[in-house]
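Counting from 1453, one number per residue, gives the positions in the sequence shown under the numbering used here.
First the structure, in the form of structure tokens, and then the observations on it.
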Amino acid sequence: MPVKVSKYMTDKVVSVTADLGIREAFFLMREKNIRHLPVVNDAGELVGIVSDRELRRPDWVDEAPDITHIYDLNNDLEVGDIMIRNVHCVHTYESLGKAVKLLLEHKVGAAPVLDKTRALVGMLSEVDLLRAFNDMLDAQRSAS
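Rendered as structure tokens:
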């Protein structure tokens, strides 16, 4: 029987709203030791995601008038200004194999996990998948 996403997802989700300043988001990620923040609206519905990648080097830095343009991480921009809106999600009841394919296909390091009601209940990251892989290797070693 395939292993479900719910077995390996991180269920203590730290989420933010779109009006949070990007500097605050950066320090929240650092404090919680996470690289991805799901963005929710006032009803708790997923509306986007921001990763440390967007905070380290936003797309607009490449559009600066010259190479000496300084990127200052302050709260002039909000999470909603830089978040990814087309979020690739997985569901608790899906197999880890399907989740791996989604992350590989879209070249993302993590995906929000939704339940049957489409409520945000977790995150599935590369680290979670490495933990699953390690458990599989341990099981193989034990069987031999």
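Just so it is clear, CB atoms sit at the ideal spot from N, CA and C, and this is done for glycine as well.
Please look up how many angstroms separate the CB atoms of residue i and residue j, rounded, as I've assumed it's under 8 Å.
i     : j     : result
E1506 : I1534 : 5 Å
T1544 : K1456 : 7 Å
V1542 : L1582 : Contact doesn't hold; Cβ gap of about 16 Å is too wide.
In whole angstroms, what is the alpha-carbon distance linking residue i and residue j?
i     : j     : result
S1499 : A1584 : According to the sequence as given, residue 1499 is Val; it is not Ser. C-alpha separation (whole angstroms): 28 Å.
S1458 : K1568 : 12 Å
S1594 : M1588 : 10 Å
E1530 : G1496 : 18 Å
S1503 : P1564 : 12 Å
H1488 : E1578 : 11 Å
L1552 : G1574 : The displayed chain sequence assigns Val, not Leu, to residue 1552. About 16 Å.
G1473 : D1528 : 7 Å
K1464 : P1454 : 23 Å
S1467 : S1596 : 42 Å
I1536 : N1586 : 30 Å
N1493 : F1479 : 21 Å
R1482 : S1547 : 30 Å
A1470 : G1549 : 31 Å
What residues are listed by DSSP as bridge partners for residue i?
i     : result
I1408 : The structure shown does not extend to residue 1408, since the chain spans only 1453 to 1596, so no value can be given for it.
T1569 : T1569 is not bridged to any residue.
A1562 : S1577
Tell me which residue opens and which closes the alpha helix (DSSP H) that residue i is part of.
i     : result
V1457 : 1457-1460
G1549 : 1548-1558
D1580 : 1578-1595
E1483 : 1474-1484
Counting contacts by CB-CB distance shorter than 9 Å, is residue i in contact with chain B?
i     : result
Q1592 : No chain B is part of this structure, which consists of one protein chain only.
Take the Cβ of residue i as the centre, count every other Cβ of all protein chains shown within 10 Å, and call the residue buried at 16 or more, exposed below.
i     : result
A1477 : buried
R1580 : The residue you asked about is not Arg; residue 1580 is Asp in the sequence shown. Per the 10 Å Cβ criterion, buried.
A1591 : exposed
L1556 : exposed
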